[in-house]
Amino acid sequence: MSDEMKMVVVGAAGRMGRMLVAQVTATPGCILCGATERPDSPAVGQDAGSLAGINPLEVHIAGDAAPAIAHADAVLDFTSPQSTLEHARLAAQAGAAHIIGTTGLEAQQTEELQKAAHHVPVVWAPNFSAGVTLLMSLSEQVARILGDDYDIEILEMHHHHKVDAPSGTALGLGQAAARGREVEHDDVKEAARDGHTGARRRGDIGYAVLRGGDVIGEHSVIFAGDGERVELTHKATSRQVFAAGAVRAALWARDRKAGLYTMKDVLGLEG
Ligand code: NAD
1 MSDEMKMVVV
11 GAAGRMGRML
21 VAQVTATPGC
31 ILCGATERPD
41 SPAVGQDAGS
51 LAGINPLEVH
61 IAGDAAPAIA
71 HADAVLDFTS
81 PQSTLEHARL
91 AAQAGAAHII
101 GTTGLEAQQT
111 EELQKAAHHV
121 PVVWAPNFSA
131 GVTLLMSLSE
141 QVARILGDDY
151 DIEILEMHHH
161 HKVDAPSGTA
171 LGLGQAAARG
181 REVEHDDVKE
191 AARDGHTGAR
201 RRGDIGYAVL
211 RGGDVIGEHS
221 VIFAGDGERV
231 ELTHKATSRQ
241 VFAAGAVRAA
251 LWARDRKAGL
261 YTMKDVLGLE
271 G
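For the sequence shown, the numbering used here begins at 1 and goes up steadily by one.
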């Protein structure tokens, strides 16, 4: 019997889905055993490899996720919040690890994922790149050391198709900074400034969002003090870094006990 880890890519026709199909196929120790899309997607029935711009794989995109997930060891999921919850139920039933890159989940939807993580390993990260995972640790550390004499502002830019704002990564960076300051993120989050806002509230973590063109993802965490400024910046130039991180997370999750993990756990970063 093959020892390869059987992976299903859900949302296989999406920008990230196509990257994931190519990445799974190129990674030793993994095999693509299924690919799915929304039932009304024109991609249903197409070969997942051809759609991803690689060789045909004889894996055809299915409009029904249940049979595909039933025999999988891992589900790679960069889709939408609602469909991610459906996939979480199916992955928990099948005993498959669930690797989630979907952003824009509401608090209640996050609770549902936590329930699924009682049954299987779930790795959920707003950003699967090693660089951003490190940036989160650094943001926490710098926020802790500099304290609230330094105003924290987070700037992000993404392509014009992106539907949620601020990005999941920007919020993740803000949450890391809030942890560093030992405050509740939701108490200090300032994501909407327009018109007569009054002076900046001390201790707030501000967000600025840019959308345009084909920008894959750029984030800066700015610590602005009197007389100096520290800026931590990450720029993704290829979606491949996210796909590589997600496949790495799936291999890491193999045989791990049920629970909700982040990319920090996968990379073995402390704190
Ligand atoms: P996209 O719109 O190109 O792809 C999403 C795909 O999911 C679409 O093809 C859509 O048809 C499909 N889909 C929707 N409902 C489905 C269902 N029920 N079953 C199967 N497929 C379904 O978007 P994208 O740019 O690939 O991003 C997808 C998500 O991943 C977004 O939330 C984005 O913010 C996030 N993202 C995360 C990271 C990360 O590292 N965590 C990186 C990039 C993007």
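All C-beta atoms in this analysis are idealised placements derived from N, C-alpha and C, irrespective of residue type, glycine included.
query: If you drop the 5 nearest sequence neighbours on each side, which residues of the same chain put their C-beta closer than 8 Å to that of Ala12?; result: Arg18, Leu20, Val21, Ala35, Thr36, Glu37, Ala43, Ala48, Leu51, Ala52 and Ile61
query: For Pro126, is the classification buried or exposed, using 16 other Cβ atoms within 10 angstroms of its Cβ as the cut-off for buried?; result: buried
query: Is Thr36 close to ligand 1? I mean its beta-carbon at under 8 Å from any heavy atom of the ligand.; result: yes
query: Let me confirm a value: Arg193 is counted as buried when at least 16 other C-beta atoms fall within 10 Å, else exposed. Which label applies?; result: exposed
query: Can you tell me whether Asp214 is helix, strand or coil according to DSSP?; result: coil
query: What span of residues does the alpha helix (DSSP H) with Lys264 cover, start to end?; result: Met263 to Leu267
query: Beta strand (DSSP E) containing Thr36: first to last residue?; result: Cys30 to Thr36
query: By Cβ distance below 6 Å, which residues in the same chain neighbour Leu155 in space, the five residues on each side in sequence not counted?; result: Ala208 and Ser220
query: By how many angstroms is the C-alpha of Leu232 removed from the C-alpha of Ser139?; result: 8 Å
query: Look at Leu105 and Pro121 and say whether their C-beta atoms are less than 9 Å apart.; result: no
query: I'd like the ranges of any beta strand (DSSP E) spanning at least 3 consecutive residues and lying wholly in the region 123-189.; result: 151-158
query: Determine the burial state of His161: buried for a count of at least 16 other Cβ atoms within 10 Å of its Cβ, exposed for fewer.; result: exposed
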